[in-house]
Each structure stands twice: as C-alpha cells, then as structure tokens.
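Numbering (this note's numbering), first residue to last: 266 to 961. Glycine residues also receive a C-beta, built at the ideal position from the N, C-alpha and C atoms.
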Ligand code: GCW
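Put into structure tokens, the structure is as follows:
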C-alpha cells in the first residue's frame, strides 16, 4: 500500500503553519523525548528528502500501520512541518515479516540516497525501527547514512507500577496515578496512548499496572474488563499487561477458607481465575507477586515455601503466562542481618521453581539505596530464571527534587562481576539478559509525567538499558538530551556531564562512604540518622550506621554478620579488608574507628566531613553551569530545573548539617579544621517534621 502523499502533505502544511505561529504550549515536557524538534541548517535540508512515500508489505497489521504512522508523523515534525521535497523524495519500505531477521523486536535499517529499507522478523520490530530511526535523526544523523542492526538483549523489559486503584502511587512523586480505573473500561484517556508510545519508543514491552502491595479486588471481573481495555489499546505497541496478585485472593474475594497453595480448591480457584483473565486478554502476561514480605500474605502463612506458592500460580497460568515472584523478603522475627535474609530464603530453593516462574531480585540486598553492592543472589541461583528489579522512582534518592540520573547506578549493578557462573564468571547483565529487567515506574499525572524534567531521563535510561545493557550511561544521557532539549553539541556535553555525576552527589551527601538507609521514617525524605526507636530494628537508621563514640559502619565480614560470605570468594576478597576496599563500600561492609585512616591519609571523620563538603561544591558548580545554559534551553524548563537545583542544594546542606550534628553527638569530636559551622542544634534538626512530604 502507498500512503496518500496528498493527505500527509496537507497535514504537514497545517503543522508547519502552527509551528511558524509558535507552539501552542510552551515546552512543558509532556512530549518527553518524542519532541522531534526540527534541526537547523544542513540537517533540515537533508531531512527534506525523506519520507515522501512509505510502503509496507502488510500495511493493515495494526502494529505495521502504527510504525508507518509514527515514522511519517515523526518525520513531518522533524521537517518542521514541511512536506517532503517532491520528486527527490526517498522512498521508505517496511518489510515486517523478513525471515532473515530474528523475531522478538529485532530490526535492520538500511539507507542510501534513494531509499530507506526497514526489515524486521515481526511487526513490533518495525515499530521499534521507526522509533530508532527517529532517535537517530533526532540526534542529527544523516538520513542517507542510517544503518542499524539491533535486537533486544532481554525478552522482558518491564515497568512495575506501584499504583493503587484509588489513584495514589506508593513512592510516587509526580502526581496521581496515570491509570483512571474509575472511568475504564468505557473511557480510555489519551494519556494511555501517549504512555504506550513512550514505552514502545524505548522497547518497553510489559507493564504491571498495579502495586505489589496488591488489592485482591483487582482480580474481580470488573477489573479484568478494565484491564482488557488497556491490553487492547497497548497491543499494537507491543506491550503486554501483567497484574500484581495478592496471594490471599482465594480467601479475600473467592470465599475460600484458605489460600494454602497445596489445597486443591485454592489451586482450582486460581486456575479458573487465570482462564477468566485469558478469555478477556489472550496475551495476558501473568502475575507479579510480593509474598511474605512487609505484611503481605504468602505461602509461608501455611508452612509452604516460596517455590510452593510460585509453582501453584505458575500451574494455574500454564504456558500462557509467567509468574514473577519477588525476592524482596525479610522477616520481623529474624534477627539476621537484613541484607542476608533474601539469600538465605531463596538460594536453597534454586532448581525448585517451575519453568514459567521468574524470581525478581532488587539490584542490591537492602532496598534501592543510593548505593549498594549488587545482590548476592545474582549468580547464586544458576537453575532459576532471575530478573533484575530496579527503581526508577527515586524513593531514597531525593524523590522528585533535584537531579539523580540513575543509569550509572544501574550500570554499576549490570556490569558487576558476580564471580560465579563457571570458568568465565558472569556479570549481572549476563545473568539477567536471558530473562529481563523491571523498573518501578516514576510516571504520574504531572504534566511532564515524572515530577521533574530530568526524571524523564530515568524512564528513558531504564528502557534503553533493558534493550541494551552495554550502552554507556553517557551515551544514553547524550541521546536523551539531544532529543529532549537541544542538539547543540556543547550544551549536550554539559548537560550529560551534569547528569553523569548527579547520583554520586546524592550518595555523597545522603549516604557517604557506603552508609545506607539514614532517611526519614515513613516518607524516606531527608536525614534521620538518629532514629532508633522504631518497632523493627531493621527499620531504624541506627541499625545500619551503628555509630557510637568508637566508630561507625556495619561489620559484614566474618567477624560481623558474615554477609560477605554470600558473595563468591573472589568478590568477597575484594571487599574483605577495610584498608583496601573501594571506599564507596567501606561502611557497608566494615565498622571502623573514627580515626581509621582512609587511603590518602585522612581520618574517617575528616573524610566524612569532606564528602559532604564536596557534594555541596559539586551542587553549586552545577547550578552555575545550568545558569550558563540559559540561552540554549527554553525558559519554562530552564526555570523549573533551576528551581529543582536550588532545592537540592538546600536539602544537601540540611543533610550535611543534621548528619554532622548527629555524628558529633555520638563521637564527641570537634568539626575537622576548615569545616563550615553547623547553623542549628541537633535538637532543632531532630524536631523538624514535614507531614506534607509525599509518601508519608
Ligand atoms: O522500598 C520499599 C518501599 C515500599 C515497597 C517495598 C517493596 C511496595 O518502601 O513502599 O512496597 O520496598 O519493594 O515491596
């Protein structure tokens, strides 16, 4: 089929007129990285030739039609609304069933002066190709030189929404939930399509729509109908829907007396439930389950194991779908080092999970801290399909204030050598690549989707890394910046540099030298190292830092909790000695004296003070750099980001002042020479409350 050039040209002309008249909205961030801003000069004239005629061998397939439309619309926007030049136009041809290309989203793009050819093993590959072409052109690549040959590294590239049906998002900092359950299934808001586009443009192909702290009623028929509407809308975008399932649902909504996974009635209930869902959603992905963790019900309530629970649900789904079982577990009664508990519970179950079960493991053994070593379960369960869980929303990294570009955090984990996996030990990326990667979504009803403009980069980076974990954080930052702000090379370089250092700055002023979990109770915002009276020991910051007059840090060596022994010996050896360990993990694995000498000669106390001070210098420098970029960034977003940066500097100073006041109260040491005085008393910092913090 040929797409009517006439209509396209007319639409393009209207778009051009609008653009000349100025955009209807200022840059409010809604368009994300899909702005398709026209390049200037030579770039613009090169694009003029592209996109006159788009053909495909099966244009009626919904995903192929979408790929054609997305490319056509995107090119029109890149051309500034101008029609493709007549006559000289480059033809574009999609072949979306090319047996020479792998299925599952792979594609090739080949260009020369006269044509652009796209080949994929199945239609979704064509859609990904369309977005990839726009991404390349968006960065200024010459259309005649387009040459792409890509395949996703991981089959499951998934967002986990912690969205509740009432619209509140657990650990959400960008407004209310984007899912309007009340009006579904009759009404599907336009955001649901824009959301699918954004995901598909990154290759994200699976979405868990509800919180892992799940409500059983979301498995009731009326919710299945709502979910089916979403599934229908997202199918052309290559997105499958999943549900978080509450393990006690057979009791909660099924009228049974038990949810014991070995009870035949329970098994029959889940089978019937799965059948009911598949009748409405034939490509339903499956269930995500948080069980026996933080008060959620699970198989252990009946003396059964995680494997018993997961396998029962897996049998109910059959080969139609997958059970994703979370390894984020820790027990109130267990006094073992909390970071050891998931390994202790799950590692012995290796080999016991059904084929359609995936165990989903957080990047680190604690809980999405600014910095953690990789989770020791990676590499330790070779007979189980393991998936990586990351957090895109910044629960412990300043939430939606300031900047924390998380690709470097995720890369640290993906690139970590587990020391396990045979003669050639595997990295975490190699272990999870055959399975997938999940990110706890940071989307919300805010106009810019993610609360701050820079948090869009985390959604973007998550998708890009799940597609290809060997991309560098810098490449991703640059491509995002070019599409989101400007193609100006120097500006891109400077913004990428700000992004790359941002997570380290957050770690430096909240959790320096391997400290962790010092955040405020409940909302996890701001400093509370003094908190020591919460019901469970491992909810207290003092449990993690263990500071007293002699020293600070958590001894996880053989002399302490022994957590180090959960890692492969070659890896444990790198971290075993406080004198040689990479300082960023020092206090995670070691308890040291305040006068312990750090490499370079400073005492621990001096160095701790210096870390806070360096972070402040870094943040001030960034504010200045951003000010210098004013001419290159639209006023609306420039101002919003400047405000974010100012807030972060204020918060970093608060973190430093409150933390130093507290450390001093336990070690009795004077501030190191040259340190800025602490403006308020420890009592004043302790007395601060802010019930307005999201997540309270
Ligand atoms: O990080 C903690 C959060 C909880 C969350 C839990 C989990 C969904 O504070 O809000 O609950 O982890 O991952 O299950």
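Beta-bridge pairing of residue i - partner residues as DSSP gives them
i, result
"residue 957", "Partner(s): none; residue 957 has no beta bridge."
"residue 935", "BP columns for residue 935 are empty, so no partner."
"residue 910", "Answer is none; residue 910 lacks a bridge partner."
"residue 319", "357"
"residue 851", "Beta-bridge pairing links residue 851 to no other residue."
"residue 654", "627 and 703"
"residue 633", "DSSP output for residue 633 lists no bridge partner at all."
Contact under 9 Å by Cβ, residue i with residue j
i, j, result
"residue 829", "residue 810", "no"
"residue 292", "residue 813", "no"
"residue 389", "residue 503", "yes"
"residue 426", "residue 470", "no"
"residue 477", "residue 424", "no"
"residue 369", "residue 417", "yes"
"residue 960", "residue 851", "no"
"residue 384", "residue 406", "no"
"residue 639", "residue 587", "no"
"residue 480", "residue 430", "yes"
"residue 909", "residue 718", "yes"
"residue 643", "residue 589", "no"
"residue 751", "residue 721", "no"
"residue 593", "residue 660", "no"
"residue 872", "residue 816", "no"
"residue 374", "residue 414", "yes"
Run of the alpha helix (DSSP H) containing residue i, from where it starts to where it stops
i, result
"residue 606", "603-611"
"residue 836", "834-840"
"residue 770", "754-775"
"residue 340", "327-343"
"residue 384", "Careful: residue 384 lies outside any alpha helix (DSSP H), inside the beta strand (DSSP E) at 380-385."
"residue 534", "529-545"
"residue 749", "738-749"
"residue 674", "672-679"
Bounding residues of the beta strand (DSSP E) (the contiguous stretch that carries residue i)
i, result
"residue 702", "701-705"
"residue 646", "No beta strand (DSSP E) holds residue 646; DSSP gives it neither H nor E."
"residue 891", "Not the beta strand (DSSP E): residue 891 falls in the alpha helix (DSSP H), residues 869-893."
"residue 627", "622-627"
"residue 825", "Residue 825 -> no beta strand (DSSP E), and no H or E assigned at all."
"residue 425", "421-425"
"residue 831", "First-last for residue 831: undefined, no H or E at that position."
"residue 414", "412-415"
"residue 551", "551-554"
"residue 590", "587-591"
"residue 375", "372-376"
Residue of the options minimising C-alpha distance to residue i
i, options, result
"residue 938", "926, 912, 885 and 875", "875"
"residue 380", "372, 358 and 366", "358"
"residue 265", "839, 754, 698 and 807", "Not covered by the structure: residue 265. The range shown for the chain is 266 to 961."
"residue 704", "436, 927, 297 and 775", "436"
"residue 819", "884, 601 and 643", "601"
"residue 627", "579, 680, 746 and 702", "702"
"residue 419", "693, 781 and 620", "693"
"residue 712", "575, 887 and 902", "902"
"residue 895", "886, 885, 907 and 884", "907"
"residue 599", "403, 559, 887 and 927", "559"
"residue 674", "746, 734, 695 and 577", "734"
"residue 312", "325, 356, 755 and 298", "356"
"residue 635", "775, 821 and 884", "775"
"residue 467", "485, 617, 299 and 340", "299"
"residue 912", "665, 597 and 679", "665"
"residue 591", "568, 567 and 618", "618"
"residue 512", "838, 574 and 460", "574"
"residue 612", "724, 570 and 576", "570"
"residue 681", "839, 544 and 402", "839"
"residue 545", "488, 836, 510 and 863", "488"
"residue 209", "622, 403 and 447", "Since the displayed the chain opens at 266 and closes at 961, residue 209 lies outside it and no answer follows."
"residue 862", "854, 848 and 336", "848"
"residue 247", "727, 645 and 726", "Since the first residue of the chain shown is 266 and the last is 961, residue 247 is not available in this structure."
Problem - Three or more C-beta pairs below 8 Å linking the stretch 871-884 and the stretch 766-775 - result: Per the Cβ contact rule, the stretch 871-884 is in contact with the stretch 766-775 (3 or more Cβ pairs under 8 Å).
Handout entry: Cβ contact check for the stretch 731-746 and the stretch 760-767: 3 or more pairs under 8 Å
Key = Contact between the stretch 731-746 and the stretch 760-767 is present, with at least three C-beta pairs closer than 8 Å.
Exercise for the section: Count the C-beta pairs between the stretch 293-307 and the stretch 910-926 that are closer than 8 Å, then say yes if the count reaches three, no if not. Expected result: No, the stretch 293-307 is not in contact with the stretch 910-926.
Practice task
Answer yes if the stretch 485-492 comes into contact with the stretch 452-469, meaning at least three C-beta pairs across the two stretches below 8 Å, and no otherwise.
Solution key: No, they do not touch.
Exercise for the section: Check whether the stretch 321-339 touches the stretch 391-409, counting contact only when three or more Cβ pairs, one atom from each stretch, lie closer than 8 Å. Expected result: Yes: at least three Cβ pairs fall under 8 Å.
Problem - Contact between the stretch 550-558 and the stretch 580-588 (3+ Cβ pairs under 8 Å) - result: Yes: at least three Cβ pairs fall under 8 Å.
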